[in-house]
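Residue numbers (UniProt numbering): 1 to 145.
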């Protein structure tokens, strides 16, 4: 199964490099193109994981993380050049699930992505996130039926 990752990164070159690397491991990476309508893009793409920079145009990643958390529990991993402990704490307090500082190794990024996918959808996933009734199932992480 190919998992979908939505990447919110304004450095187009880095976004392409990360997307290409993760694609080698069967991840379907979609790169955000409109930084004003991030919430709309997430609803349309229904990703399994969000990779988000903090310093993005219009609103920062902290703001978007809080907005996303109002409607979904999709795992959010921050990837930022901000290496201060206070920024990492703020990211977690805003609803983030993990944090990786730039520059990062692709192997570490892949390990963290795999960990989030495994914890939320794989072997370690909480089976209570999907409610089944007959032929219907409700995914509480994605809020989808």
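Positions of the beta carbon are idealized from the N, C-alpha and C atoms, including for glycine.
Candidates the options: closest to residue i by CA position
i, options, result
"residue 5", "55, 32, 84, 93", "32"
"residue 51", "114, 70, 86, 122", "114"
"residue 80", "70, 67, 69, 105", "105"
"residue 90", "61, 138, 118, 3", "61"
"residue 120", "49, 11, 18", "49"
"residue 93", "38, 63, 57", "63"
"residue 25", "136, 111, 70", "111"
"residue 102", "3, 11, 1", "11"
"residue 34", "134, 58, 22", "58"
"residue 83", "38, 100, 122, 40", "100"
"residue 3", "38, 56, 27", "27"
"residue 67", "138, 40, 13", "40"
Local Cβ density within 10 Å of residue i, reported as buried at 16 or more and exposed below that
i, result
"residue 98", "buried"
"residue 65", "buried"
"residue 72", "buried"
"residue 47", "buried"
"residue 108", "exposed"
"residue 36", "exposed"
"residue 44", "exposed"
"residue 88", "buried"
"residue 18", "buried"
"residue 9", "buried"
"residue 38", "buried"
"residue 131", "exposed"
Proximity of residue i and residue j at Cβ, strictly below 8 angstroms
i, j, result
"residue 116", "residue 75", "yes"
"residue 78", "residue 42", "no"
"residue 29", "residue 1", "no"
"residue 69", "residue 95", "yes"
Residue i CB to nearest heavy atom of the ligand FAD below 7 angstroms
i, result
"residue 75", "As for the ligand FAD, it is missing from this structure, which has no ligand bound."
Every unbroken alpha helix (DSSP H) within the UniProt domain "Response regulatory" (4–117), with a cutoff of 4 residues, ordered by chain: Those alpha helix (DSSP H) runs which fall completely within the UniProt domain "Response regulatory" (4–117) and span 4+ residues are 12–23, 38–45, 61–69, 85–93.
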